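Data first, discussion second: the structure below is written as structure tokens.
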Amino acid sequence: MATTTAAQRRARAKAEYDAFLAGCPSRKLLDRISDKWVTLILAALGGAGGPMRYSELGRLLAGISQKMLTQTLRSLERDGLVTRAVTPTVPVTVTYELTALGSSLHLLMRGLKAWAQEHMDEVLAHRETYDARDA
105 MATTTAAQRR
115 ARAKAEYDAF
125 LAGCPSRKLL
135 DRISDKWVTL
145 ILAALGGAGG
155 PMRYSELGRL
165 LAGISQKMLT
175 QTLRSLERDG
185 LVTRAVTPTV
195 PVTVTYELTA
205 LGSSLHLLMR
215 GLKAWAQEHM
225 DEVLAHRETY
235 DARDA
């Protein structure tokens, strides 16, 4: 029986990821990154050109609660998309910044956000037509 190296096992596992399969772990990642707050946080951090304070993010993202902002930032940090830096000042300063992995995802999220903003009128028109048809 041939032994495999860790790199070979990782390569085989990567080749086996198929989000169309129910048990694929990439489905959970897709769930996370398709969340509206994740999209907006990544777009905000990527467009900032540097670290952003927690309070800046909270002001920029209209409608997000402190709890949701905290939970989303923690999950992004856990996934390696965001780094958190704490500066011991009074009060404590906490900043967030995209990692290299987060920056690579930011490019996609920025495009998704731009697409949604650009095509919103068309989508609304289609919704009106569809809803009128069923009335």
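Convert by adding 104 to the 1-based position in the sequence shown; the result is the number in this note's numbering.
For every residue, glycine included, the Cβ atom is placed at its ideal position computed from N, Cα and C.
Quick caveat: nothing in here was measured; it's all calculated off a predicted structure.
Open item on the list: Is it the case that the segment 178 to 185 contacts the segment 135 to 152, given that we only count it when at least three CB pairs across the two stretches are under 8 Å?
Closed with: yes
- [ ] With DSSP as the reference, please indicate the residues paired to arginine 249 in a beta bridge.
- [x] Outside the shown range of the chain, which is 105 to 239, sits residue 249, and nothing can be said about it.
- [ ] Quick one: measure Cβ to Cβ for leucine 173 and leucine 185, integer angstroms, because I've assumed they're closer than 8 Å.
- [x] With a Cβ gap of about 15 Å, leucine 173 and leucine 185 do not count as contacting.
Task: Test item: CB-CB of leucine 146 and leucine 209 under 9 Å - done: yes
Task: Cβ neighbours of glutamate 201 in the same chain (closer than 6 Å, five flanking residues each side left out) - done: Pro155, Thr187
Task: lysine 217 versus serine 130: straight-line alpha-carbon distance, rounded - done: 22 Å
TODO: Within its chain, find whatever has a CB closer than 6 Å to the CB of leucine 144; leave out the 5 residues flanking it on each side and keep chain order.
DONE: Leu165
Task: Closest by C-alpha distance to glycine 153, when choosing among Ser207, Ala239, Gln170, Thr197 - done: Ser207
TODO: May I ask you to report which of helix, strand or coil DSSP gives valine 142?
DONE: helix
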